[in-house]
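**Q** Everything in the sequence shown is counted per my numbering, starting at 2 for the first residue and increasing by one.
Cβ atoms here follow ideal geometry from the backbone N, Cα and C, with glycine treated the same way.
Okay, here's the structure, questions in a sec.
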Amino acid sequence: MPPARLVTIFRWLGRVGMAFLVLLAAYIALAWIAPQSAVRTAAGLGLLTTGVWLAIRLLRLTARNAVWRLRNRLLVTYLFVSVVPILLLVAALLNGAYLLANQIVLHLATSEFDRRIQGLQTGADSIVKTPPSDREDHMVRMADLYYSDRYPGIEILLRQSGRLFRYPKNSRMSSPREEWRPVRGVLVRDGRFYLWCYDKTESGDVTLTVPLTREFLGEMMPNLGPVDFGELLTAPGRVFGITGAGRLPPPVNRFDIQLRWTASVPSSNWDRPNQDSQGYLVVHSRTSAMLGTIFNRKSDSGQQVVVLYLVLTLIVSAVVEIASLVIGITMTRTMTGAVHRLYEGTRKVTAGDFSHRIEVKGKDQLAELGRSFNQMTENLEQLLVVAKEKERLQSEIEIAREVQNQLYPRVLPVSRTLRLTAVCQPARMVSGDYYDYENIRETQIALAIGDVAGKGISAALLMATLQSSLRTQLQSWIEVATAAGNGAVAKMVSTSHLVSRLNSQLYAYTSLEKYATFCLGVYDEPTSSFTY
């Protein structure tokens, strides 16, 4: 690993990170040297503390880097705004459905359990309401016709005027204590559980008991699943509970979860009259068995409509959720893609690439923003070309200005009677304004002033041409005057003749729209005359 990378890692770890590495090395070393020492325990605590700090710092750094990009930030926002509430809602619905299914199964089982107890109560009421002389016969007929099959092992004890009547005849059930008040429910007697009902008559009482056996509990809800019964608090050595016969229905699919719930049931103890204790009823079932028990009326069209409605509701909900997810992801990708393309485009423009154009999709505001960006870069590209051209022209104009300044005369002619001052302030950097002066001989000064039509370089070039021609003519004039003597100058050349020649040259070598106003004169110092 490069040293610069190591320096960056150590700088990020800081003092706490370095302490973590030192404690880690010490903990590993102490695992070999003194694994059970207090020093190793202290090193482990320090390692845990610094490790938690580094983990929190790493999570913060990861989260900060993860949400830097707009797409990730939107995904995190949607995660907390949409996905997390939906997951919580789904979890709450599933948990509620699970609890509701357990309660339904428990209600089905306890309802059947209560119906069995209510059946005993109905039998006891029937015996009590029968005249005393007919109670024994009525008890036997009732038990043989209605109760022997539904309540296997049923025993009935009728105590009347000091006499005992039993069903069946060989029943060994002992008489309950006199202090018992009318009661029904579950009875614990001699370590066994019974369904029972006890009621008073005008001259005694009647007691009905049915033993709670595995077969009896299994027969209660055969399609639902096994039912167990027991006591929450039992004395040492007493049977804790009864496991009902039957098997748990097999799952029809992987979502067919097992249901198991408990309900408390009041119970009585044979040896402790009127003192209730708590028993419990445990139901084992599955979701498919519960639904099959509820919707078991296949010929009922109303039940079929309910099932169809539930199935259609689930399908529509799933389709809407999937469609919403797809639309959300598509819109997110559209927005983040447009922003990412704009980001890449700005980076290109920052790097000076004004020819880059981003891809525009759609007809929304983001697409319009992309088109505006492309138009902006196109305008910037054109402005850059114009700016470069302007810079080039500015440089050329600057050069032309310097050249034009060199064309103006720098030394004033010497004269005893004439004070000459000249200045030129063009409206632009270069112009067609023109002035010139030159000594023809010691006593004569040629003066010229002009203005070329137009502005800028074109007028300046024409002015330079005009000045060059004028100086050429004047030089020829001076040479002729020098050769002929001072007295021959005025007779040989005149200002009108010289200007006429300049006009002919300007007309011959320029376009028709080019012209200049021009004045040329000669100042003669001895006579103080100005000929122009």
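According to DSSP, simplified to helix, strand and coil, what is R16?
**A** Reduced to three states, the DSSP call for R16 is helix.
**Q** Are three or more beta carbon pairs between the stretch 308-319 and the stretch 214-225 nearer than 8 Å?
**A** The answer is no - the stretch 214-225 does not touch the stretch 308-319, with fewer than three Cβ pairs under 8 Å.
**Q** Quick test of the definition: if touching needs 3 or more C-beta pairs under 8 Å, does the stretch 458-473 touch the stretch 433-442?
**A** Because the criterion of three Cβ pairs below 8 Å is met, the stretch 458-473 and the stretch 433-442 touch.
**Q** Do E526 and T444 count as a contact pair if the criterion is CB distance below 7 Å?
**A** Yes, the Cβ-Cβ distance between T444 and E526 is below 7 Å.
**Q** Which two residues bound the contiguous alpha helix (DSSP H) that contains E232?
**A** Note, E232: premise wrong, no alpha helix (DSSP H); beta strand (DSSP E) at V228 to E232.
**Q** How would you label V17, buried or exposed, when you count the other beta carbons within 10 angstroms and need 16 or more for buried?
**A** Looking at its Cβ environment, which holds fewer than 16 other Cβ atoms inside 10 Å, V17 is exposed.
**Q** Label P177 either buried or exposed according to how many other C-beta atoms from any shown protein chain fall within 10 Å of its C-beta, with 16 as the threshold for buried.
**A** Buried is the call here.
**Q** So, are the CB atoms of R117 and I128 less than 7 Å apart?
**A** No; because the gap between Cβ atoms is not below 7 Å, this pair is not in contact.
**Q** Could you tell me whether the stretch 158-171 touches the stretch 181-188, using the rule of 3 or more Cβ pairs below 8 Å?
**A** The stretch 158-171 is not in contact with the stretch 181-188.
**Q** Would you call the stretch 99-110 in contact with the stretch 253-267, where contact means no fewer than 3 C-beta pairs closer than 8 Å?
**A** The answer is yes - the stretch 253-267 touches the stretch 99-110, with three or more Cβ pairs under 8 Å.
**Q** Identify every residue that forms a DSSP beta bridge with L573.
**A** Any property of residue 573 remains undetermined from this structure, which presents the chain solely from 2 to 533.
**Q** Any contact of the stretch 505-518 with the stretch 449-468, i.e. 3+ C-beta pairs under 8 Å?
**A** Yes, since at least three Cβ pairs between the stretch 505-518 and the stretch 449-468 fall closer than 8 Å, the two stretches touch.
**Q** At what residue ranges does the stretch 361-386 contain a whole run of the alpha helix (DSSP H), taking only runs of 4 or more?
**A** Runs of the alpha helix (DSSP H) inside the stretch 361-386: none found.
**Q** Does the beta-carbon of I87 have 16 or more other beta-carbons within 10 angstroms, so that it is buried, or is it exposed?
**A** Per the 10 Å Cβ criterion, exposed.
**Q** Which same chain residues end up closer than 8 Å to R342 when comparing Cβ atoms and leaving out the 5 residues on each side of it in sequence?
**A** I359, E360 and G371, listed in sequence order.
**Q** Is the CB-CB distance between G245 and V266 below 7 Å?
**A** It is not a contact, given that the beta carbons lie outside the stated cut-off.
**Q** Which whole-angstrom value describes the C-beta separation of G124 and L209, a residue pair presumed to lie in contact below a C-beta threshold of 8 Å?
**A** With a Cβ gap of about 6 Å, G124 and L209 count as contacting.
**Q** Under 7 Å, do V253 and V106 count as touching if we go by C-beta distance?
**A** Not in contact: V253 and V106 (Cβ atoms no closer than 7 Å).
**Q** Taking the alpha helix (DSSP H) that L260 belongs to, which residues open and close that run?
**A** Segment Q259 to N270 is the beta strand (DSSP E) holding L260; no alpha helix (DSSP H) there.
**Q** Within 10 Å of its beta-carbon, does S286 have 16 or more other beta-carbons around it, so buried, or fewer, so exposed?
**A** So S286 ends up on the buried side.
**Q** Can you name the start and end residues of the alpha helix (DSSP H) that H357 belongs to?
**A** No alpha helix (DSSP H) contains H357, which DSSP labels as neither H nor E.
**Q** Can the beta-carbon of S495 be found closer than 7 Å to that of K456?
**A** No.
**Q** Beta-carbon separation of G226 and A144 under 7 Å?
**A** For G226 and A144, no; Cβs fall outside 7 Å.
**Q** Expressed to the nearest angstrom, what Euclidean distance is found between the alpha-carbon atoms of L75 and T333?
**A** Taking the straight line joining both Cα atoms gives about 7 Å.
**Q** Taking the alpha helix (DSSP H) that S501 falls in, what are its first and last residues?
**A** Its alpha helix (DSSP H) spans residues T496 to Y510.
**Q** Buried or exposed, going by whether 16 or more other CB atoms sit within 10 Å of the CB of A491?
**A** Legend: pLDDT at A491 = 44, less than 50; position of this residue unreliable, no value from coordinates given.
**Q** Considering only the beta carbon of each residue, do S278 and L188 sit closer than 7 Å?
**A** Result no, Cβ atoms of S278 and L188 do not sit closer than 7 Å.
**Q** Express the C-alpha separation of N275 and D126 in angstroms, rounding to a whole number.
**A** Computed Cα separation, rounded: 20 Å.
**Q** Here's the rule: buried if 16 or more other CB atoms are within 10 angstroms of the residue's CB, otherwise exposed. What is L499?
**A** The residue is buried, with at least 16 neighbouring Cβ atoms inside 10 Å.
**Q** Which first and last residues belong to the alpha helix (DSSP H) in which R117 is found?
**A** Segment V85 to K130, the alpha helix (DSSP H) holding R117.
**Q** Between which two residues does the alpha helix (DSSP H) carrying V412 extend?
**A** Taken as a continuous stretch (DSSP letters only), V412 belongs to no alpha helix (DSSP H), as it is neither H nor E.
**Q** Starting from A290, trace the alpha helix (DSSP H) in both directions and tell me its first and last residue.
**A** Its alpha helix (DSSP H) spans residues T288 to I295.
**Q** Does DSSP put F519 in a helix, a strand or coil?
**A** Reduced to three states, the DSSP call for F519 is strand.
**Q** Note the first and the last residue of the continuous alpha helix (DSSP H) segment covering R215.
**A** First-last of the alpha helix (DSSP H) with R215: R215 to M221.
**Q** When burial is assigned at 16 or more other CB atoms within 10 Å of the CB, is E345 buried or exposed?
**A** By the 10 Å Cβ count, E345 comes out exposed.
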